[in-house]
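Take a look at the structure set out below.
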Amino acid sequence: MKKIFLLVIVCELLGLVSHAQIASGGWPLEVKIKQSLFSPWYNTGGVNDRIIEKQLLQEEGEMHLKPLRFAHGFDVNLTPENSGVWTIQGQSRIWTLGIESTDAYSINLIFGKYRLPDGARLFVFSPDRTEILGAFTSENNTASEKLAVAPIAGDSILVQYEEPVNSSFHGELEISRIAHDYTGISLKSGDERRPMKRTAEYCNIDINCPEGLPYEDQQNSVCRIFIDGTELCTGVLVNNTASNGKPYVLTANHCIENASQAQVSLFLFNYESPYCGSIDGDNTHSISGSTLKAAFDSLDFSLVELSVAPPNYFRPYYAGWDVSGTVPASSYSIHHPMGDIKKIAIDKDAPTTGSYNRTYVSNSFWKILRWDSGVTEIGSSGGPLFNPQQQVIGTLTGGAAYCALPEYDMFEKLSRSWTYRKETGKQLKYWLDPNQTGETKINGYAPYSGMEKCGAYTNFSAMDTTQIIRATAGDLLSGYVSGTNTLGYAEFAEYFTGMKRGNLRGISVGVARKYITGQVQDAAITVKIYSGTNAPTDLLHTQEYSVDELTAGAMNYLAFNKSVNTSGNFFISFSMPKIGQSDTLVFYQAKRITPTNTFFIRNSAGWSDFRTLRNSASGSSLLVELVGCNVDLGDASHYFADGKTSVLTVFPNPVQAGRAFTVRLPQLLRSECSLHLYDMLGAEVPFQVLSRNDQELRIQVRNNRPGVLLLKLDTERGIFSSKISLVP
Numbered sequence: 176m177k178k179i180f181l182l183v184i185v186c187e188l189l190g191l192v193s194h195a196q197i198a199s200g201g202w203p204l205e206v207k208i209k210q211s212l213f214s215p216w217y218n219t220g221g222v223n224d225r226i227i228e229k230q231l232l233q234e235e236g237e238m239h240l241k242p243l244r245f246a247h248g249f250d251v252n253l254t255p256e257n258s259g260v261w262t263i264q265g266q267s268r269i270w271t272l273g274i275e276s277t278d279a280y281s282i283n284l285i286f287g288k289y290r291l292p293d294g295a296r297l298f299v300f301s302p303d304r305t306e307i308l309g310a311f312t313s314e315n316n317t318a319s320e321k322l323a324v325a326p327i328a329g330d331s332i333l334v335q336y337e338e339p340v341n342s343s344f345h346g347e348l349e350i351s352r353i354a355h356d357y358t359g360i361s362l363k364s365g366d367e368r369r370p371m372k373r374t375a376e377y378c379n380i381d382i383n384c385p386e387g388l389p390y391e392d393q394q395n396s397v398c399r400i401f402i403d404g405t406e407l408c409t410g411v412l413v414n415n416t417a418s419n420g421k422p423y424v425l426t427a428n429h430c431i432e433n434a435s436q437a438q439v440s441l442f443l444f445n446y447e448s449p450y451c452g453s454i455d456g457d458n459t460h461s462i463s464g465s466t467l468k469a470a471f472d473s474l475d476f477s478l479v480e481l482s483v484a485p486p487n488y489f490r491p492y493y494a495g496w497d498v499s500g501t502v503p504a505s506s507y508s509i510h511h512p513m514g515d516i517k518k519i520a521i522d523k524d525a526p527t528t529g530s531y532n533r534t535y536v537s538n539s540f541w542k543i544l545r546w547d548s549g550v551t552e553i554g555s556s557g558g559p560l561f562n563p564q565q566q567v568i569g570t571l572t573g574g575a576a577y578c579a580l581p582e583y584d585m586f587e588k589l590s591r592s593w594t595y596r597k598e599t600g601k602q603l604k605y606w607l608d609p610n611q612t613g614e615t616k617i618n619g620y621a622p623y624s625g626m627e628k629c630g631a632y633t634n635f636s637a638m639d640t641t642q643i644i645r646a647t648a649g650d651l652l653s654g655y656v657s658g659t660n661t662l663g664y665a666e667f668a669e670y671f672t673g674m675k676r677g678n679l680r681g682i683s684v685g686v687a688r689k690y691i692t693g694q695v696q697d698a699a700i701t702v703k704i705y706s707g708t709n710a711p712t713d714l715l716h717t718q719e720y721s722v723d724e725l726t727a728g729a730m731n732y733l734a735f736n737k738s739v740n741t742s743g744n745f746f747i748s749f750s751m752p753k754i755g756q757s758d759t760l761v762f763y764q765a766k767r768i769t770p771t772n773t774f775f776i777r778n779s780a781g782w783s784d785f786r787t788l789r790n791s792a793s794g795s796s797l798l799v800e801l802v803g804c805n806v807d808l809g810d811a812s813h814y815f816a817d818g819k820t821s822v823l824t825v826f827p828n829p830v831q832a833g834r835a836f837t838v839r840l841p842q843l844l845r846s847e848c849s850l851h852l853y854d855m856l857g858a859e860v861p862f863q864v865l866s867r868n869d870q871e872l873r874i875q876v877r878n879n880r881p882g883v884l885l886l887k888l889d890t891e892r893g894i895f896s897s898k899i900s901l902v903p
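Count along the sequence shown from 1, add 175, and you get the number used in the working numbering.
Here it is as structure tokens:
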């Protein structure tokens, strides 16, 4: 798991080296254009129900393959020569083009031609500038001269190209595809960025839940892939025998079928919830473009090389592999079902060998007979299958598994793809064993170490859930305890202790609610870093961020404009001096069953911790990730390992609603204990104890509603807890 003190993005180089999709940041110039010169925008006409139904039927009929089609692509030819409008502003020539696709949830673009001179900048953004991608520059030029751009929420976007009047040559740009999102893979600011109509099923397990704790390195190797702007799959970054950081990604051939698709694919890393909860993850770690190295449709694999190696602040890990064909005792898969945040599926039994159908080479697949935890879905295609030694042994082709019946999934075998075909373009060995060592299994590779190593750390624990608390004065609602209010709560801070050393480069923060009326121009929040013990004291850094940058229901990354060195205890705080009285902005905080507290609030009387201010026996934390490099955690990895809370063993888990489940009691537990069940909103759930002995409790929940419950056992030895999934 992310070790308790989570540190996610940006490292030794504050100014990012901008390659591929990796953008150099900045804001597009404000351009004044007469509406008469800029109307109408280019409009695709949108997508009708007949097109969507046809694509969904095609998806259902493709032999249980598991890519996710989320958009319809319009092939176009839009260039600065035939579309949009040019203006001159200062020393820049500026080309602006508006694109509409009626009723689209989001729009993404593929530039079939992309070559920029030094000093030029390209941006893609929403008309209200709440989402801005870029700047893309000459550093994004690739041999393929193509660029794929991630979705922007809404049914209209702006493309703006800025070129110095004295540039060495005129930039070459052609928008060759406009993709209309009809599923809701990206939604307008204030809504979740994940698919709206087709989300991952209830039994899926977030990667940072307890089930995923042993696989922190492996989770950093898995990425979500946009293909042709219209499909989503999963891939895995894999090591080679030279352990040289060659950025090879392995996925299914039915996802990336050819060299052209590889060139315009977009690879998104670290798209996950930072804790065991379903908050939308940060979506900024993407790389555009790759080169197809090997592929074979009859074994359903494709190996591509990314246009640039993932930088250190992506926290990349190159997964090891086993091509010996040895049957593992168990297996697990990390993947993006329905294009959702990263999940894990676990099979505690050995897979068997099977054949998919007559289209594929016989006896070339690992067959999962039944998942014990989690499941795969469309969008999981290409996801890796790992053995207990944390090595990739296959990638997902498809199957019939779903939550109600998690049976029968098929993964192509790496042992077959290794040398089944002799052509270098149809086998894996030539690329993954460049030194011709003859190795059949290797371990993974972490490319960065020492001062170059970055990570992600949070004070949220596995048993925490998110909440927002309404602030009240008497019977009157007065805003929020962790956001805008009229009670004088002016600053909110998260306390980090135990880190001996760190170079902080930014934070990710969970925004729960956002409603901005626009009455205050340039609405902003201020982030500060303080040193101090028990309360913030000395100010180390302060920086302002536009509220337009924030998305509700999601993690939001805020980069620092300089490295902040810390030693010992420190605080990260948020204040909102530039928020209107009618505006709302709220940060997520932890709902916790223990007194451990790292959330502090400042009012006119000074700083108080959450428990004191709220007269609460339970502590809390703000949902914040630290972002930095060269970190010495010291004792921070033991922050929650204080004996006050431990995880209970519950089985079966998930359990069918209405059925009984067993709770294994801790050893040497005396008879005096108090047992409670809560739903994710904190309400107690009634249950019946069917039987009890010194080792186990047999329990049945009295309602039959599916969902996740929190089990809390208070004893003389401390608090024990577990999350339980009730399924239909």
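Glycine residues also receive a C-beta, built at the ideal position from the N, C-alpha and C atoms.
In this text the structure is predicted, and so the values were computed from the model without any measurement.
Rounded C-alpha distance that separates residue i from residue j
i: A710; j: V739; result: 19 Å
i: E582; j: I543; result: 7 Å
i: Q915; j: K604; result: Since the first residue shown for the chain is 176 and the last is 903, residue 915 is missing from the structure and cannot be characterised.
i: S896; j: S706; result: 33 Å
i: P242; j: L253; result: 29 Å
i: S900; j: I263; result: 60 Å
i: L733; j: V806; result: 19 Å
i: E205; j: V260; result: 14 Å
i: V883; j: S440; result: 35 Å
i: V498; j: W541; result: 12 Å
i: R680; j: F586; result: 39 Å
i: A835; j: Y620; result: 43 Å
i: M751; j: E376; result: 37 Å
i: Q393; j: T312; result: 32 Å
i: L333; j: S301; result: 6 Å
i: L886; j: N610; result: 52 Å
Outcome for residue i when other beta-carbon atoms lying within 10 angstroms are tallied against a minimum of 16
i: F826; result: exposed
i: V502; result: exposed
i: Q436; result: buried
i: Y690; result: exposed
i: M730; result: buried
i: V838; result: buried
i: M131; result: Residue 131 lies beyond the stretch modelled for the chain, which goes from 176 to 903, so this question has no answer here.
i: K675; result: exposed
i: E800; result: buried
i: S448; result: buried
i: V340; result: exposed
i: L760; result: buried
Residues bridged to residue i (per DSSP)
i: K588; result: G569
i: N778; result: G781
i: I754; result: Partner(s): none; I754 has no beta bridge.
i: R244; result: E406
i: G508; result: The sequence shown places Ser at residue 508, not Gly. S508 is bridged to A520, L560.
i: R834; result: For R834, which the question treats as bridged, DSSP gives no partner whatsoever.
i: K898; result: L885
i: E871; result: R839
i: I163; result: Past the edges of the chain, shown from 176 to 903, lies residue 163, and the structure says nothing about it.
i: N740; result: N678
C-beta contact flag for residue i and residue j at 7 Å
i: Y217; j: I274; result: yes
i: N778; j: G663; result: yes
i: T426; j: G410; result: yes
i: S556; j: C408; result: yes
i: L560; j: G549; result: no
i: T692; j: D758; result: yes
i: V324; j: L284; result: yes
i: L852; j: V864; result: no
CB contact below 7 Å: residue i versus chain D
i: A437; result: Of the chains in the structure shown, none is chain D; there is only one protein chain.
Sufficient close CB pairs (3 or more, under 8 Å) joining the stretch 431-451 to the stretch 394-401: When C-beta atoms of the stretch 431-451 are compared with those of the stretch 394-401, three or more pairs fall below 8 Å, so the two segments count as touching.
Given 8 Å, three or more beta-carbon pairs between the stretch 283-297 and the stretch 345-363: The way I'd put it, the stretch 283-297 does touch the stretch 345-363; three or more beta-carbon pairs between them come closer than 8 Å.
Segment contact, 8 Å Cβ cut-off, at least three pairs: the stretch 484-500 with the stretch 534-543: The stretch 484-500, when compared against the stretch 534-543, does not touch it at the 8 Å Cβ threshold.
Stretch pair the stretch 754-769 + the stretch 633-648: three plus CB contacts closer than 8 Å: As far as the Cβ criterion goes, the stretch 754-769 touches the stretch 633-648, which means the pair count is three or higher.
Three or more C-beta pairs below 8 Å linking the stretch 380-387 and the stretch 508-521: Touching, yes.
Given 8 Å, three or more beta-carbon pairs between the stretch 718-731 and the stretch 696-705: Output reads yes: the stretch 696-705 touches the stretch 718-731.
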